[in-house]
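Under the numbering used here, the first residue of the sequence shown carries the number 4, and numbering increases by one thereafter. The block underneath contains the structure these notes are about, expressed in structure tokens.
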Amino acid sequence: MRKTLIATAVGTVLALTACSDNTAPQQTDTTQTQTQQDAAPVADVTTTNPLFVKSMLQYEAPNFTEIKDEHFLPAFEEGMKQHMTEVQAIASNPEPATFENTLVALEKSGELLTRVSRVFYNLAGSDSNPERRKIQSELAPKMAAHSDNINLNPQLFARIKNLYQQRNELKLDSESVRLIEVYYERFVRAGAQLTEEQKTAIRALNEEHSKLTNQFSQNLLAETKNIAVIVDTKEELDGLSDSQITAAANAAKEAGHEGKYLLSITNTTRQPALAQLSNRELRKRVWEASANRAQSGETDNRPLVARLAQLRAERAKLLGYDNWASYGLEAQMAKTPQAVFDMLGSMVPAVVANTNQEAAAIQEMIKQKGGDFELQPWDWEYYAEFVRQAKFDLDENEVKQYFEFNRVLKDGVFFTFNRLYGITFKPRPDLPTYHPDVDAYELFDADGTSLAIFYADYFAREGKRGGAWMSSFVGQSHLTGQKPVVVNVMNIPKAPQGQPTLVSYDNVTTMFHELGHGLHGMFSDVKYPTLAGTSVSRDFVEFPSTFEEDWAAHPEVIANYAKHYETGEPIPAELLQKVMNSRSFNQGFDTLEYMSAALLDMEWHSLSADEPLQDVNAFEAAALKKHGVDLAAVPPRYKSTFFSHSMGGGYSAGYYAYMWSEILAADAYAYVQQQGGLKLENGQNYRKNILSVGNSRPPMESYKAFRGQEPTTDALLIRRGLKTKVD
Ligand SMILES: [Zn+2]
Numbered sequence: 004m005r006k007t008l009i010a011t012a013v014g015t016v017l018a019l020t021a022c023s024d025n026t027a028p029q030q031t032d033t034t035q036t037q038t039q040q041d042a043a044p045v046a047d048v049t050t051t052n053p054l055f056v057k058s059m060l061q062y063e064a065p066n067f068t069e070i071k072d073e074h075f076l077p078a079f080e081e082g083m084k085q086h087m088t089e090v091q092a093i094a095s096n097p098e099p100a101t102f103e104n105t106l107v108a109l110e111k112s113g114e115l116l117t118r119v120s121r122v123f124y125n126l127a128g129s130d131s132n133p134e135r136r137k138i139q140s141e142l143a144p145k146m147a148a149h150s151d152n153i154n155l156n157p158q159l160f161a162r163i164k165n166l167y168q169q170r171n172e173l174k175l176d177s178e179s180v181r182l183i184e185v186y187y188e189r190f191v192r193a194g195a196q197l198t199e200e201q202k203t204a205i206r207a208l209n210e211e212h213s214k215l216t217n218q219f220s221q222n223l224l225a226e227t228k229n230i231a232v233i234v235d236t237k238e239e240l241d242g243l244s245d246s247q248i249t250a251a252a253n254a255a256k257e258a259g260h261e262g263k264y265l266l267s268i269t270n271t272t273r274q275p276a277l278a279q280l281s282n283r284e285l286r287k288r289v290w291e292a293s294a295n296r297a298q299s300g301e302t303d304n305r306p307l308v309a310r311l312a313q314l315r316a317e318r319a320k321l322l323g324y325d326n327w328a329s330y331g332l333e334a335q336m337a338k339t340p341q342a343v344f345d346m347l348g349s350m351v352p353a354v355v356a357n358t359n360q361e362a363a364a365i366q367e368m369i370k371q372k373g374g375d376f377e378l379q380p381w382d383w384e385y386y387a388e389f390v391r392q393a394k395f396d397l398d399e400n401e402v403k404q405y406f407e408f409n410r411v412l413k414d415g416v417f418f419t420f421n422r423l424y425g426i427t428f429k430p431r432p433d434l435p436t437y438h439p440d441v442d443a444y445e446l447f448d449a450d451g452t453s454l455a456i457f458y459a460d461y462f463a464r465e466g467k468r469g470g471a472w473m474s475s476f477v478g479q480s481h482l483t484g485q486k487p488v489v490v491n492v493m494n495i496p497k498a499p500q501g502q503p504t505l506v507s508y509d510n511v512t513t514m515f516h517e518l519g520h521g522l523h524g525m526f527s528d529v530k531y532p533t534l535a536g537t538s539v540s541r542d543f544v545e546f547p548s549t550f551e552e553d554w555a556a557h558p559e560v561i562a563n564y565a566k567h568y569e570t571g572e573p574i575p576a577e578l579l580q581k582v583m584n585s586r587s588f589n590q591g592f593d594t595l596e597y598m599s600a601a602l603l604d605m606e607w608h609s610l611s612a613d614e615p616l617q618d619v620n621a622f623e624a625a626a627l628k629k630h631g632v633d634l635a636a637v638p639p640r641y642k643s644t645f646f647s648h649s650m651g652g653g654y655s656a657g658y659y660a661y662m663w664s665e666i667l668a669a670d671a672y673a674y675v676q677q678q679g680g681l682k683l684e685n686g687q688n689y690r691k692n693i694l695s696v697g698n699s700r701p702p703m704e705s706y707k708a709f710r711g712q713e714p715t716t717d718a719l720l721i722r723r724g725l726k727t728k729v730d
């Protein structure tokens, strides 16, 4: 599963980004609000602040060498001001509303604000620092108020409603009609039809919401440092590789603990180091640091979680809904909370049964290894690794030697997309980037047409949020003449200088996944910025990325990239078979920890506005029990206090979306294999019907255009090893 984030803020929006699991938080892809050109900013500021003018670099790629942190706030302030002036001019236009003078004008408005938002929110996620965090906190309530000032403007809404009512008589093309519908729905959902008194209440809730979600994220960022586990001796690290131990020693030194070792905590409950550490006490310390994070002191997120759930319920009630989940799902493919509970609930029995079998095998392994204790969450992965080896005889470190980073990227990911879509990635070392580890590429189509700029930011570093995601610095639009500038961000541990970076197979699939999102942005071929690329419903947005994951295991692809980093020998067939066989291993645990989190998210957002503030720990335990997913050894992938998807904003009542998207992805991949697999015809069909259309038509319509029918869940169940064949 992968995650994504989409944060919409506003009518104009902050758009989003998509990402991967184990990652997570919300990224904002910013966006659309655009501006007309008459914005003549104050002269002296314009001359010194590079954000005030369009970048002269190709496709308006930001000139990172010129942008300084002190440029952001003035650009945001001027951007909001210009945008508001433009919106007011549109709203108070004495001419009757036309598609051109209202919607096209809105699409062109907010140019400066869009530009600064995209640059800033990208850097705040991938390359943060104290100054940027401060700016972010200061901006949160201002941006929320700015959105409300647009979305709750009665004159503007009257014009949009007028166009909406006559949309089928205006003789517009289908994308333009879709744009009217998207705007109308957005305004209604933001509260445009409410009374003035209700609007005032909504504004107050929105402002509080923006502050709380921002505080929630900042607490987690602070926690990353607070909860890192400091280890005194090298002996305790038994099980880690030499380069991991060196990295832990370096990290400790950087943090002021020279001579010791620092294990940082990644953002899911489960921690990668737990699969390797033989010292049970240390495993417990690592697990507890993770699972109990943000539950004490100044960074206690529990009061925020309780209030956020309540606040969202209050907001939903004002808008006429029973709860936040009902409100949120109406705009998704799923449509209702019941559809989500049904989808997840139908899988619980099979998944729990699989997980219990896995737990029994692990308990047996503990016994075999001389242990006399009951399986605890911090034991699962360590002993699962022995079960895996016994069952599949697979050594992850041996496997990694065939997955050297550069080869995976060029001979795996780029190779696949060349075969499917005819595209090529050309390095552009001349373009400035925001960090030395980031590489710039230009994307070319099969006929040599230049399509986009792509930044590859794959390695972990301080100041980067955990996880993996995709975002845009510039969105595509034929209306504004802009081509996409897209980034992929991951947290692959980088090998020490002079050594090759070897990646896990999991990271290999994430590289395919994130560039799948990347292509969704870079193949976008629509007129209006609001409808471009990944601006689709969040239970659809993970489909294009998840679809690309399985190519990593396609025989032709793997033969091209899985070669030994020293000898260049292809991965032995037997070892490869083991890797593939082992993919169904631990699927009960993986699926259950995801589903538990998805159910927890749904329960938080099923509360009604009349209910009191909840005790977070008690609520969490009751929610898991209610759905029969409260297995002690398998906690949810995220607990409420660090569940950024759910509480941070972007994926509230939306974490289920990964599985929803995976149904589409598995069905699509299986269909393409029936059609001959890795070939241009398949790539063209997929690109034309799914990747290039953005949100310019309803998602199911796009899916049926590509596939010829709606998806079924068969391929998903087979993909996860929960079923062996189609009925
Ligand atoms: Zn994703």
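Note that the Cβ used here is the ideal one computed from N, Cα and C, for glycine as well. Just so it is clear, the structure is predicted and the values come from calculations on it, not from any experiment.
- Counting only unbroken stretches of 3 or more residues, no beta strand (DSSP E) element lies wholly within the region 113-181.
- DSSP links Ile495 through a beta bridge to Phe462.
- Beta-bridge partners assigned by DSSP to Lys566: Pro573.
- Gln221 and Gly348 have their C-alpha atoms roughly 34 Å apart.
- Nearest to Thr452 by C-alpha distance, out of Glu545, Trp607, Phe526, Leu60, is Phe526.
- For Asp72, the closest C-alpha among the options Arg135, Phe55, Tyr568 is that of Arg135.
- Relative to ligand 1, even the nearest heavy atom lies 7 Å or more away from the CB of His523.
- Look at Glu545: its beta carbon is less than 7 Å from one of the heavy atoms in ligand 1.
- Of the residues Gly484, Val354, Gly478, Tyr641, the one whose Cα lies closest to the Cα of Gly524 is Gly478.
- In this structure, Gly653 and Val511 do not form a Cβ contact; the two beta carbons are roughly 26 Å apart against a cut-off of 8 Å.
- Only exposed fits Met59, as fewer than 16 other CB atoms lie within 10 angstroms of its CB.
- Around the beta carbon of Leu616, a 10 Å sphere encloses fewer than 16 other beta carbons of the protein chains shown; the residue is thus reported as exposed.
- A distance below 8 Å between beta-carbons, with the five flanking residues on each side excluded, links Val489 to the following residues of its chain, in chain order: Ala455, Ile456, Phe457, Tyr458, Met473, Ser474, Ser475, Phe476, Gly521, Gly524, Met525.
- When rounded, the separation of the alpha-carbon atoms in Asp542 and Glu103 is 31 Å.
- Rounded to the nearest angstrom, the gap between the Cα atoms of Asn217 and Asp345 is 32 Å.
- For Tyr444, the enclosing beta strand (DSSP E) covers residues 442-447.
- C-alpha of Lys530 to C-alpha of Ser480: approximately 5 Å in a straight line.
- Here the region 592-600 lies against the region 620-638, with 3 or more beta-carbon pairs under 8 Å apart.
- In this structure, Gly194 lies near Asn154, with their beta-carbon atoms less than 8 Å apart.
- At a threshold of 7 Å, His557 does not count as near ligand 1, since its beta carbon sits no closer than that to any of the ligand's heavy atoms.
- At the C-beta level, Phe588 and Ala555 stay beyond 8 Å of one another.
- Proximity of the beta carbon of Ser548 to ligand 1 is indicated: a heavy atom of the ligand is located closer than 7 Å.
- Taking C-alpha positions only, Ile163 is separated from Ile183 by approximately 7 Å.
- The closest CA to that of Asn304, considering only Gly657, Gly651, Met662, Leu321, is found on Gly651.
- Residue range 541-552 is occupied by the alpha helix (DSSP H) that includes Thr549.
- Here DSSP, grouped into helix, strand and coil, assigns Phe645 to helix.
- The C-beta distance from Lys263 to Ile233 rounds to 5 Å, short enough to fall under 8 Å.
- Per the DSSP secondary-structure output, Leu505 pairs in a beta bridge with Glu407.
- Assignment of Phe526 by DSSP, reduced to helix, strand and coil, places it in the coil class.
- Judged by the Cβ position, His516 qualifies as a neighbour of ligand 1 at the 7 Å threshold, a heavy atom of the ligand being closer than this.
- Within the same chain, and ignoring the five residues on either side of Leu627 in sequence, the residues whose Cβ sits closer than 8 Å to its Cβ are Ser599, Leu602, Leu603, Asp633, Pro639.
- Note that the C-beta distance between Leu595 and Thr358 is below 8 Å.
- If you draw a straight line from the Cα of Gln169 to the Cα of Glu98, it is about 17 Å long.
- In this structure, DSSP gives Tyr674 a helical state, which the three-state scheme calls helix.
- The shortest C-alpha to C-alpha distance from Glu367 to any of Tyr324, Ala393, Ala342, Ala356 is the one to Ala393.
- When rounded, the separation of the alpha-carbon atoms in Ser507 and Ala207 is 46 Å.
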